[in-house]
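For what it's worth, the working numbering labels the leading residue of the sequence shown as 135, then goes sequentially.
One structure is given below, encoded as structure tokens.
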Amino acid sequence: MTDQFDILKRSFLAGKMDRRGFMTGALALGATLSVASSAFAQAEQAVPKKGGTLRVGFLQGSTSDSFDPATYNNDFMFATNYAVFNHLTEFAPGGVIAPDLAESFAPEPGAKIWTFKLRKNVEFSDGRKLTSADVIASLGYHLGEDSKSAVKPVLSQIAEMKAPDDHTVVFELSTGNADFPYIFADYHLCIKQAVNGKIDPLSQIGTGGYTIESFEPGVRVRLKRRDNYWKEGRAHFDQVEITTISDTTARMNALMTGQVDFIDRPDLKTIHLLKRAPGLRVETVSGTLHYTMPMHVNTAPFDNVDVRMALKLAIDREELVEKVLKGYGSVGNDHPVSSSMPFFDPSIEQRAYDPDKAKFHLKQAGLSSLNVQLYTAEAAFEGAVDASILYAEQAKKANINIEVLRQPNDGYWSNVWLVKPFCCSYWGGRPTPDWMFSAGYSKDAEWNDTKWNNERFNKLLLEARAEVDQGKRAEMYSEMQRLCRDDGGALIPMFGQYVFALKDTVQHGQLSEMWNMDSLHFIERWWMA
Numbered sequence: 135m136t137d138q139f140d141i142l143k144r145s146f147l148a149g150k151m152d153r154r155g156f157m158t159g160a161l162a163l164g165a166t167l168s169v170a171s172s173a174f175a176q177a178e179q180a181v182p183k184k185g186g187t188l189r190v191g192f193l194q195g196s197t198s199d200s201f202d203p204a205t206y207n208n209d210f211m212f213a214t215n216y217a218v219f220n221h222l223t224e225f226a227p228g229g230v231i232a233p234d235l236a237e238s239f240a241p242e243p244g245a246k247i248w249t250f251k252l253r254k255n256v257e258f259s260d261g262r263k264l265t266s267a268d269v270i271a272s273l274g275y276h277l278g279e280d281s282k283s284a285v286k287p288v289l290s291q292i293a294e295m296k297a298p299d300d301h302t303v304v305f306e307l308s309t310g311n312a313d314f315p316y317i318f319a320d321y322h323l324c325i326k327q328a329v330n331g332k333i334d335p336l337s338q339i340g341t342g343g344y345t346i347e348s349f350e351p352g353v354r355v356r357l358k359r360r361d362n363y364w365k366e367g368r369a370h371f372d373q374v375e376i377t378t379i380s381d382t383t384a385r386m387n388a389l390m391t392g393q394v395d396f397i398d399r400p401d402l403k404t405i406h407l408l409k410r411a412p413g414l415r416v417e418t419v420s421g422t423l424h425y426t427m428p429m430h431v432n433t434a435p436f437d438n439v440d441v442r443m444a445l446k447l448a449i450d451r452e453e454l455v456e457k458v459l460k461g462y463g464s465v466g467n468d469h470p471v472s473s474s475m476p477f478f479d480p481s482i483e484q485r486a487y488d489p490d491k492a493k494f495h496l497k498q499a500g501l502s503s504l505n506v507q508l509y510t511a512e513a514a515f516e517g518a519v520d521a522s523i524l525y526a527e528q529a530k531k532a533n534i535n536i537e538v539l540r541q542p543n544d545g546y547w548s549n550v551w552l553v554k555p556f557c558c559s560y561w562g563g564r565p566t567p568d569w570m571f572s573a574g575y576s577k578d579a580e581w582n583d584t585k586w587n588n589e590r591f592n593k594l595l596l597e598a599r600a601e602v603d604q605g606k607r608a609e610m611y612s613e614m615q616r617l618c619r620d621d622g623g624a625l626i627p628m629f630g631q632y633v634f635a636l637k638d639t640v641q642h643g644q645l646s647e648m649w650n651m652d653s654l655h656f657i658e659r660w661w662m663a
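What follows is the structure in structure tokens.
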């Protein structure tokens, strides 16, 4: 009867029957009136509805936040960006890349030249029409000579951008890239208005489903739905309010007491409290999320590969997954390619906790013991402080003394990450190895948080991107994973599941797994039941 019930639900959601038809069909299947009514209520909740206010409590947010897309570095701005602006492409469920502002995109043979056709019915919130000039100016901003944008290395493959007409953009790349459309879904690459060939990076005028009512950096943003949004079936909430609640206990209490409707990153140690609370639910999504402890390889003692190896061997990954992630994840292997990504190499030996081997590498570095400082905060990832303390205990068996230095959550991403030589961090991941490596591991990447510069790796990165033979490409990406694992400065102990909690009144369809919270598109895609 379950399969037949599913058929009824799908027919209702497709608009092929009304409530009477659903109830009649359910009763004919032998369901009681109460069961049929409950099933209809569930089906009805799955139908997107306009209206309501969504109140969100977020861990992240910084007083240095701004609408300059080159500076976006936390979920507060990522989610706001996707609500106010659009991109050429977007992440759909199942790892699929879908058109957004682009109506279509197609390569010429060899994937070195790509043509993107823009939609013709798109307006900015001030009424001005979108044109190809806006796209070229928005992307050109990140490619500027003085640009510090984290996505600049990824865009650097673009040799030339042309606009044959107002709704066509042609990209000529330095080398072929079959993954090229994926990069335009990145949160940095929102499209803003061009004036004399340039954008105002701080402009809040976008083509997205929402406009800004108020904005307090790192504190709160209030959004209002546009009545004339061009995209069908999106932007359901009347209003959205995102508030930074960096204290995890306070964030969970805010959900349980009804102050907010949705929170990210609940405390996994006390998540059972949310699961037991009436009217609330906890959801998880597996993707490319991974937790890291980047070491600056250009700074002593991390400039010694044996020291880096000792630190990688001195951490008990299994214990961290069990005690910090509470089982909501899996062990990492010191490279960022997850098992769900193409070209993941399962033959690479999983690194294990081995204090004696760590001591051997310290000896190879001319050391009998090691003293280092590890900077951490809950802003890095939920449980980062506990993970740091647990790691320090584990490392003692290898004669490694780790001083854990807890930092303020506010400003962590501007004052600690990329600044301190050994800290906690996380990556939401990227959909392809090329993008992940280009964003965080290539020598010129703005977000190369280990300062790693491996000549062989950088050479392979360029070659693999242009290689059309998939077998050869797999061999290249396998070697790159091994180089990261054995030579790189990223200690990657865990891959995690995305975990969030929300009221039953907040509903959504199938989730995109690329990043947390429906790949951060929840404001545009979800609705209030």
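All C-beta atoms, glycine included, are put in the ideal place defined by N, C-alpha and C.
Using the Cβ count rule (16 or more neighbours within 10 Å means buried), how would you classify residue i?
{"i": "Leu188", "result": "buried"}
{"i": "His276", "result": "buried"}
{"i": "Leu336", "result": "exposed"}
{"i": "His406", "result": "exposed"}
{"i": "Glu242", "result": "exposed"}
{"i": "Ala240", "result": "exposed"}
{"i": "Lys254", "result": "exposed"}
{"i": "Ala384", "result": "exposed"}
{"i": "Lys326", "result": "buried"}
{"i": "Glu601", "result": "buried"}
Using C-beta distances below 6 Å, list every residue in its chain close to residue i, excluding the 5 sequence neighbours before and after it, in chain order.
{"i": "Gly517", "result": "Val458"}
{"i": "Phe225", "result": "Ala319, Ser646, Met648 and Ser653"}
{"i": "Ile534", "result": "Ala448 and Leu504"}
{"i": "Arg399", "result": "Leu193 and Glu516"}
{"i": "Phe478", "result": "Val471"}
{"i": "Ser572", "result": "Pro287 and Val288"}
{"i": "Glu537", "result": "Gln507"}
{"i": "Gln631", "result": "Thr418, Ser420, Tyr462 and Gly463"}
Helix, strand or coil for residue i, going by three-state DSSP, please let me know.
{"i": "Asn535", "result": "strand"}
{"i": "Lys189", "result": "Before going further, note that residue 189 is Arg rather than Lys in the sequence given. Three-state DSSP puts Arg189 in a strand."}
{"i": "Asp490", "result": "helix"}
{"i": "Tyr611", "result": "helix"}
{"i": "Arg442", "result": "helix"}
{"i": "Ala663", "result": "coil"}
{"i": "Cys618", "result": "helix"}
{"i": "Ile482", "result": "coil"}
{"i": "Thr205", "result": "helix"}
{"i": "Asp398", "result": "strand"}
{"i": "Trp547", "result": "helix"}
{"i": "His744", "result": "What is shown of the chain runs 135 to 663, which leaves residue 744 out entirely."}
{"i": "Leu336", "result": "coil"}
{"i": "Asp652", "result": "helix"}
{"i": "Val269", "result": "helix"}
{"i": "Pro631", "result": "Note on identity: in this sequence residue 631 is Gln, with Pro being the wrong assignment. Residue state, collapsed to three classes: strand."}
{"i": "Leu569", "result": "Before going further, note that residue 569 is Trp rather than Leu in the sequence given. Of the three classes helix, strand and coil, the one that applies to Trp569 here is helix, per DSSP."}
{"i": "Leu264", "result": "coil"}
{"i": "Pro227", "result": "helix"}
{"i": "Leu636", "result": "strand"}
Sorted by chain position, which residues of the same chain lie with C-beta nearer than 7 Å to residue i's C-beta, five sequence neighbours on each side aside?
{"i": "Tyr344", "result": "Ala217, Val218, Leu357, Lys358, Arg359, Arg360, Ala369, Val374 and Ile657"}
{"i": "Ala271", "result": "Ala328, Gly331, Lys332 and Ile333"}
{"i": "Glu483", "result": "none"}
{"i": "Ala297", "result": "Ser266, Ala267, Ile270 and Val303"}
{"i": "Gly466", "result": "His424, Arg451, Ile626, Pro627, Met628 and Phe629"}
{"i": "Gly186", "result": "Phe371, Asp372 and Met662"}
Thinking residue i and residue j are a contact (beta carbons under 8 Å), I'd like their distance in whole angstroms, please.
{"i": "Trp248", "j": "Phe192", "result": "Contact flag wrong, Cβ pair sits at about 35 Å."}
{"i": "Val416", "j": "Leu408", "result": "5 Å"}
{"i": "Val303", "j": "Val269", "result": "5 Å"}
{"i": "Pro395", "j": "Lys637", "result": "The sequence shown places Asp at residue 395, not Pro. Indeed they touch by this definition, with Cβ atoms about 5 Å apart."}
{"i": "Ile397", "j": "Leu389", "result": "5 Å"}
{"i": "Gly574", "j": "His424", "result": "With a Cβ gap of about 11 Å, Gly574 and His424 do not count as contacting."}
{"i": "Met628", "j": "Gly463", "result": "5 Å"}
{"i": "Phe258", "j": "Ile339", "result": "5 Å"}
{"i": "Tyr204", "j": "Ser283", "result": "Before going on, a small fix: residue 204 reads as Ala here, not Tyr. Right, their Cβ atoms sit about 4 Å apart."}
{"i": "Leu454", "j": "Ala521", "result": "6 Å"}
So is residue i in contact with chain B if we call contact Cβ pairs under 8 Å?
{"i": "Lys530", "result": "The structure shown contains no chain B; it is built from a single protein chain."}
Return the chain-ordered list of same chain residues with a C-beta closer than 8 Å to the C-beta of residue i, the five sequence neighbours on each side being excluded.
{"i": "Ser502", "result": "Leu496 and Asn533"}
{"i": "Leu273", "result": "Leu289, Ile292, Met295 and Leu323"}
{"i": "Lys251", "result": "Ala236, Glu237, Ser238, Phe239, His301 and Thr302"}
{"i": "Ala511", "result": "Ala518, Val519, Arg540, Gln541, Pro542, Asn543, Tyr546, Val550 and Cys558"}
Checklist entry - Okay, do the segment 430–450 and the segment 490–507 touch, 3+ Cβ pairs below 8 Å being the bar? => result yes
Checklist entry - Given 8 Å as the limit, is there contact between the segment 514–533 and the segment 585–596, that is, 3 or more CB pairs closer than that? => result no
Checklist entry - Looking at C-beta atoms only, is the number of pairs between the segment 544–556 and the segment 427–439 that lie closer than 8 Å three or more? => result yes
Checklist entry - Using 8 Å as the Cβ pair cut-off and three pairs as the minimum, do the segment 196–214 and the segment 348–355 touch? => result yes
Checklist entry - With contact counted as at least three CB pairs below 8 Å, one residue from each stretch, are the segment 610–625 and the segment 572–591 in contact? => result yes
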